[in-house]
Structures are given as structure tokens and as C-alpha cells.
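See structure below.
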Amino acid sequence: MLTAHTIKVLQSLDKKKFRQKYNLFLVEGNKTITELFNSNFKIKEIFSTDPQKLDRAEVPITHISDNELKKISFLQNPKDSVAVCYLNEEKKMEDGNLQLVLDGIQDPGNMGTIIRLADWFGLEQIICSKDTVDFYNPKVIMSSMGSFTRVNIVYTDLAEYLSLTKNINIGTDMDGENIYSFNRPEKMNLILGNEGNGIRPEIERLLEKSIMIPRFGQSQSTESLNVSMAAGIILGQLFSERG
-15 MLTAHTIKVL
-5 QSLDKKKFRQ
5 KYNLFLVEGN
15 KTITELFNSN
25 FKIKEIFSTD
35 PQKLDRAEVP
45 ITHISDNELK
55 KISFLQNPKD
65 SVAVCYLNEE
75 KKMEDGNLQL
85 VLDGIQDPGN
95 MGTIIRLADW
105 FGLEQIICSK
115 DTVDFYNPKV
125 IMSSMGSFTR
135 VNIVYTDLAE
145 YLSLTKNINI
155 GTDMDGENIY
165 SFNRPEKMNL
175 ILGNEGNGIR
185 PEIERLLEKS
195 IMIPRFGQSQ
205 STESLNVSMA
215 AGIILGQLFS
225 ERG
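Read in order, the letters of the sequence shown are residues -15 to 227 in the working numbering.
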């Protein structure tokens, strides 16, 4: 049985200030929760409608009803379980040979997809501006499909980081060099800008080059690609060069 206080606390975790206040975030669904067991994220407790499926001696599991699950889930149709986890202490790793750098990405779905892409292509770290959406946001966690457990995410002063990094800073811009003729440097940062405004001017000044995805279709009605879609195309091409 969930207490009213517990329900209230868990419901509040959709907001960053309460995640930070309680030092907690939620992970939903048995598939993603199972990935937590092999990560450095610590689970506080699990609430499940079918605890037998997540039987782990080291984690407290509370049996709840379907109705209680609906009260604490951020999904319209919650499946089976919700894990309450502690926020990890942020630690920056050494720069990788290829890193994604996010400048003001706001949409949680885009953020989650970009984390999945990083995981797919074996990128261990993403560097984010301080105003990029919080990766503990429930929608980011859901759309990353467990990849957040394998990608280190750091929030920092981007201008300061990009001015000090030894990686070559490459941005995305409609007037940039064609990605299909671009020679990938040995060590690079791929900077992706805000969905509406692109890369901000003070960050643009720190770029050594810009790249773009050429449009092949005859119709000019598509104004631009979604940022996570563009990231997937660019990463695919960058890795094909090293194939």
C-alpha cells in the first residue's frame, strides 16, 4: 500500500527542482529497470504489480495494485513497475575521439534519442550546455530506452569547455561543408544546436568548421531535419569513413 506522502513525492519527480530536492528520479518498465542492475545507478526501491519478475535480493520491492501504479507513473498506459533511483554524482571523463556536444537542446524526446544514438555508436560521453534539458527528465529516461545507463552526461559552461578542449569543434549549419565529402578529424566534438535557434553565436565563434546534410529531394517544403534525426545521419556517415 502506497502512502499519500509517497505518491506525492513520486509525482513531483517530473520536475527538476524536486528531483534535486529528494536526490531521486524514476525509471519505468521492467526492461529498462533490468538494465539498471548492470549500471552504476543505485536503486532505492521498486514498486511493481508483479514483483516476481524483478526478484533481486539487494533491492526492496513493494507489491502495488494497477491503480497505484497509474498514480505514480508518468505514462498514459503504465506497464508493470517503477524504480525509484538516486541521482548519480556528475563526473567528467576524458574527452573521447568523437563526442556529442549539445547546445540548448530542449525537447526531451530529442535528448533521449540522442543518448540512444551515442550508445549505439559507442560514444561514452555527451557534453551539454547548462540549459539543455535535464537527462533525468522522465521523458528523456523513457525515450533513451536504457541507454542513459551507458552514456556519461555532463552539464557545463560550453564556451569554457569548447575553448579548452583539444578536440576539433565541428558544428552543424545549412551553409556548412557537405557531410558526404567531409574528412573526419582524429579527435572531434560534434556540436548540435537548439531545435529552433541552432547554435548560439558565442559557441559558433569557437567552431573550426561547420557541416551540413545535403537535401536530395526535389521538394523544398521540408525546412530542416529534426536535430536527433540529423545527429543519426551525421554519426552514420562519420563512422562509415572509419569502416
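Backbone N, C-alpha and C fix where the C-beta goes; we use that ideal spot for every residue, glycine too. As the structure is a computational prediction, the values presented were derived from the model and not from experiment.
Would you decide whether residue 122 is buried or exposed? Buried here means 16 or more other CB atoms lie within 10 Å of its CB. Counting every other CB atom within 10 Å of its CB across the protein chains shown gives residue 122 a total of 16 or more, marking it as buried.
Residue environment, residue 92, which counts as buried when at least 16 other CB atoms sit within 10 Å: Classification for residue 92: buried.
Out of 162, 125 and 170, which one is the CA nearest neighbour of residue 17? Closest in C-alpha terms to residue 17, from the list 162, 125 and 170, comes 125.
N-terminal and C-terminal residue of the alpha helix (DSSP H) that residue 77 is part of: Counting along the chain, residue 77 falls outside any alpha helix (DSSP H), and DSSP gives it neither H nor E.
Since residue 196 and residue 159 should fall inside the 8 Å C-beta cutoff, what is the C-beta to C-beta distance between them, to a whole number of angstroms? Indeed, because the Cβ distance is near 7 Å, the residues count as touching under 8 Å.
Within its chain, find whatever has a CB closer than 6 Å to the CB of residue 53; leave out the 5 residues flanking it on each side and keep chain order. Answer for residue 53: 33 and 62, listed in chain order.
Within the segment 82 to 106, ranges of the alpha helix (DSSP H) (whole runs, at least 4 residues): Segments of the alpha helix (DSSP H) lying fully in the segment 82 to 106: 92 to 104.
Assign residue 74 to buried or exposed, taking buried as 16 or more other Cβ atoms, counted over all protein chains shown, within 10 Å of its Cβ. When all chains shown are included, residue 74 counts as exposed.
Grouping DSSP H, G and I as helix and E and B as strand, with all else coil, what is residue 6? Residue 6 falls in the helix class under three-state DSSP.
From residue 117 to residue 130, what does the alpha carbon distance come to, in whole angstroms? If you draw a straight line from the Cα of residue 117 to the Cα of residue 130, it comes to about 17 Å.
Among all the DSSP beta bridges, which residues are the ones paired with residue 173? Here residue 173 is bridged, per DSSP, to 83 and 153.
The beta strand (DSSP E) with residue 16 in it runs from where to where? No beta strand (DSSP E) contains residue 16, which is instead part of the alpha helix (DSSP H) from 14 to 20.
Work out the CA separation of residue 161 and residue 46 for me, nearest whole Å. When only Cα atoms are considered, residue 46 and residue 161 end up about 55 Å apart.
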